[in-house]
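Chemist: Residue numbers for the sequence shown follow UniProt numbering, beginning at 1 and rising by one.
We treat Cβ as the ideally placed atom computed from N, Cα and C, and that holds for glycine.
It should be emphasised that the depicted structure is a prediction, and the values quoted were computed from it without experimental measurement.
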Amino acid sequence: MSRQFSNIENLRELRLKFGLSQTEFWSAVGITQTGGSKYESGRSMPRPVRELVRLIYVEKVDLAKAKRIDLEIVRMLKEQHPEIYKSIKESIK
1 MSRQFSNIEN LRELRLKFGL SQTEFWSAVG ITQTGGSKYE SGRSMPRPVR ELVRLIYVEK
61 VDLAKAKRID LEIVRMLKEQ HPEIYKSIKE SIK
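(1) Rounded to whole angstroms, what is the Cα-Cα separation between His81 and Arg68?
(2) Give the straight-line distance between the Cα atoms of Ile8 and Arg50, rounded to the nearest whole angstrom.
(3) Out of Glu79, Ser91, Arg12, state which residue places its alpha-carbon closest to the alpha-carbon of Lys38.
(4) Given Leu14, which residues of its chain have a CB within under 7 Å of its CB, disregarding the five upstream and five downstream residues?
(5) Would DSSP call Val74 helix, strand or coil?
(6) Taking Cβ positions, are Trp26 and Gly36 nearer each other than 7 Å?
(7) Specify the secondary structure class of Arg43 as computed by DSSP and reduced to three states.
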């Protein structure tokens, strides 16, 4: 399984790390507290939900600031100028 869809081992632990209630944590992903509670109890998450949790809480992407054009620029830079992309990526780390 690719990293982007890899399992997030302990959702409750991840939520508590951010000091959020279930309602706060799950509403950022568009899930109700009840649904989030089921996922924290071991019910498997659909891939899109798992990916949103990963983006928001693991990768710390502010989805409110993400623009489609920015993602397209990154994709094009990565494909057409991989050396520049790699250099920028390394400088951010």
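Modeler: Here's the rundown:
(1) If you number the sequence shown from 1, residue 81 lands on position 81. If you number the sequence shown from 1, residue 68 lands on position 68. His81 and Arg68: Cα-Cα distance of roughly 19 Å.
(2) Start at 1 with the first residue of the sequence shown, and residue 8 comes out as number 8. Start at 1 with the first residue of the sequence shown, and residue 50 comes out as number 50. Rounded to the nearest angstrom, the gap between the Cα atoms of Ile8 and Arg50 is 8 Å.
(3) For the purposes of this step, residue 38 is identified with residue 38 of the sequence shown, where counting begins at 1. Comparing Cα positions, the closest option is Arg12.
(4) Locating residue 14 in the sequence shown gives position 14, counting from the first residue. Take Leu14, set aside five residues on each side of it, and the residues of its chain with a beta-carbon closer than 7 Å to its own are Ile8, Tyr57, in chain order.
(5) Here residue 74 refers to the residue found at position 74 of the sequence shown. In the structure shown, Val74 sits in a helix (DSSP, three-state: H, G or I).
(6) Start at 1 with the first residue of the sequence shown, and residue 26 comes out as number 26. Start at 1 with the first residue of the sequence shown, and residue 36 comes out as number 36. In contact: Trp26 and Gly36 (Cβ atoms closer than 7 Å).
(7) Reading the sequence shown from its first residue, position 43 is the one you call residue 43. Correct three-state label for Arg43: coil.
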